[in-house]
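Presented below is the structure to which this report refers.
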Amino acid sequence: KAGVTQTPRYLIKTRGQQVTLSCSPISGHRSVSWYQQTPGQGLQFLFEYFSETQRNKGNFPGRFSGRQFSNSRSEMNVSTLELGDSALYLCASSLATGYTEAFFGQGTRLTVV
Amino acid sequence: DQQVKQNSPSLSVQEGRISILNCDYTNSMFDYFLWYKKYPAEGPTFLISISSIKDKNEDGRFTVFLNKSAKHLSLHIVPSQPGDSAVYFCAAPPGSGNTGKLIFGQGTTLQVKP
Numbered sequence: 339k340a341g342v343t344q345t346p347r348y349l350i351k352t353r354g355q356q357v358t359l360s361c362s363p364i365s366g367h368r369s370v371s372w373y374q375q376t377p378g379q380g381l382q383f384l385f386e387y388f389s390e391t392q393r394n395k396g397n398f399p400g401r402f403s404g405r406q407f408s409n410s411r412s413e414m415n416v417s418t419l420e421l422g423d424s425a426l427y428l429c430a431s432s433l434a435t436g437y438t439e440a441f442f443g444q445g446t447r448l449t450v451v
Numbered sequence: 007d008q009q010v011k012q013n014s015p016s017l018s019v020q021e022g023r024i025s026i027l028n029c030d031y032t033n034s035m036f037d038y039f040l041w042y043k044k045y046p047a048e049g050p051t052f053l054i055s056i057s058s059i060k061d062k063n064e065d066g067r068f069t070v071f072l073n074k075s076a077k078h079l080s081l082h083i084v085p086s087q088p089g090d091s092a093v094y095f096c097a098a099p100p101g102s103g104n105t106g107k108l109i110f111g112q113g114t115t116l117q118v119k120p
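Protein sequence lines, in the order shown, are assigned to chains A and B.
Letter by letter, the first sequence follows residues 339 to 451 of our numbering.
Letter by letter, the second sequence follows residues 7 to 120 of our numbering.
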């Protein structure tokens, strides 16, 4: 059974640009969540998508957005990049209901210069 | 507002000894907790979980204890092995009934010395 796949693994962007990250969840998982990991703030929840709808949202500015497709694959977009957006972006997939473990991808390391 | 706290940034133990990692939470509505292990440049890997209806859950070398009155949980690793050296996070879903949203602690870096 394939795990959670995130692409690309590494990305370097310039301030002011925008970026799109992709996540393919585990087959059968309908919930996809995104997290940002930075040294100072730890793992912070960005948002969760379920059945192509945003179900939960963290405390991030509107520059951070996402979407989910009918096959459960998800993308997140960050517009007008700032230096502080440099982080490891992690995607997790889980079953839509119940307390089960969330499985994480390897992440996308974004560096903004 | 840090609802899940891991107050020890790091822990060093000798191979074969017990490692105890601690986690505190502030929201009494939390009813499920998970521990993840993370190596550098990789995503977190699920280790073990516990529901608030239990006070202990064991899986091989890993045991999680939950003290609801103290809002405290701990992860015990016995015996510790060098391969256990990683960052450990505790996490909780905020009463949503699913794990689509997790609140993480700041993590504890465990070093197991051979």
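Beta carbons are placed, not taken as given, at the ideal position from N, Cα and C, and that holds for glycine.
A quick note: this is a predicted structure, and the numbers were derived from the prediction, not measured.
The Cβ atoms of SER417/A and PRO363/A lie no closer than 9 angstroms to each other.
Going by C-alpha positions, ASP423/A is about 35 angstroms away from ILE83/B.
For GLY366/A, there are no neighbours in chain B by C-beta distance under 9 angstroms, as the nearest C-beta there is about 15 angstroms away. Residues of the segment 18 to 38 of chain B with a C-beta less than 7 angstroms from any C-beta of chain A: TYR38, listed in chain order. The alpha-carbon of ILE56/B is positioned some 33 angstroms away from that of LEU448/A. Among the residues of chain A, none has a CB under 9 angstroms from the CB of GLU64/B; the nearest is roughly 16 angstroms distant. Contact between the segment 66 to 75 of chain B and the segment 398 to 412 of chain A is absent, with fewer than three C-beta pairs closer than 8 angstroms. For GLY380/A, the uninterrupted beta strand (DSSP E) run begins and ends at 380 to 388, by DSSP.
Non-local beta-carbon contacts of ASP37/B in its own chain, meaning distances under 6 angstroms to residues more than five positions away in sequence, involve SER58 in chain order.
When CB distances to chain B are screened at a threshold of 7 angstroms, the residues of the segment 379 to 390 of chain A falling below it are GLY380, LEU381, PHE383, GLU386, PHE388, in chain order.
Neighbours of ASN397/A across chain B, judged by C-beta separation under 9 angstroms, do not exist; the nearest C-beta is about 10 angstroms away. Scanning its chain for C-beta atoms nearer than 8 angstroms, with the 5 sequence neighbours on each side dropped, one finds around LEU433/A the residues GLY366, HIS367, ARG368, SER369, in chain order. Excluding five sequence positions before and after THR438/A, the CB atoms of its chain that fall closer than 8 angstroms to its own CB belong to SER432, given in chain order. Under a criterion of Cβ atoms nearer than 7 angstroms, no residue of chain B is adjacent to THR446/A; the nearest Cβ is some 10 angstroms distant. For the 9 angstroms CB-CB criterion, SER75/B and ARG23/B do not form a contact. DSSP places LEU72/B in the strand class (E or B) of the three-state scheme. Ranked by Cα distance from HIS78/B, the options SER25/B, ASN33/B, GLU21/B, VAL19/B are led by ASN33/B. For PHE95/B, the enclosing beta strand (DSSP E) starts and ends at 92 to 98.
In this model, GLY378/A and GLN355/A are separated by some 23 angstroms (Cα to Cα).
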